[in-house]
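Just so you know, the sequence shown maps onto residues 1 to 85 in full-length UniProt numbering.
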Amino acid sequence: MRKCVATGEMKPKKELIRIVRSKEGEVSIDLTGKKSGRGAYLSKDKEAVMSAKKKNTLSNHLQVKIDDHLYEELIELIEKEKRLS
């Protein structure tokens with residue numbers, strides 16, 4: 001079980017998306033869940049992503065500025081997954 005940084009809900013790891021900050025300060029989406037670095041989990045939910053963006057939750061948790069492009073990428077990933085299921 002992992003905790004979504006946006007909603008505070010505890011969910012199984014498979015229901016969350018991991019975002020990682022590497023030692024170099026690069027932020028990326030970790031689809032494998034195995035990349036090294038500081039990680040934060042977000043629910044696979046558009047509202048959770050928008051909430052994290054609005055409140056700067058990811059930015060605060062990973063201690064680095066998050067580019068808007070990452071949030072767009074997360075939303076695309078969530079929508080793509082919903083279409084496939």
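Heads up, the beta-carbon is just placed ideally off N, CA and C, and yes, glycines get one too.
Rounded separation between residue i and residue j - CA only
i, j, result
"residue 51", "residue 41", "13 Å"
"residue 58", "residue 38", "11 Å"
"residue 27", "residue 1", "23 Å"
"residue 85", "residue 23", "35 Å"
"residue 18", "residue 31", "7 Å"
"residue 63", "residue 25", "9 Å"
Residue i classed as buried or exposed, judged by whether at least 16 other C-beta atoms fall within 10 angstroms
i, result
"residue 83", "exposed"
"residue 55", "exposed"
"residue 61", "buried"
Candidates the options, of which the one nearest residue i by Cα
i, options, result
"residue 11", "3, 18 and 45", "3"
"residue 65", "20, 9, 8 and 14", "20"
"residue 71", "14, 9, 29 and 16", "29"
Per-residue DSSP class, three states only, for residue i
i, result
"residue 30", "strand"
CB contact below 8 Å: residue i versus chain C
i, result
"residue 60", "Annotation note: the requested chain C is absent from the structure, which comprises a single protein chain."
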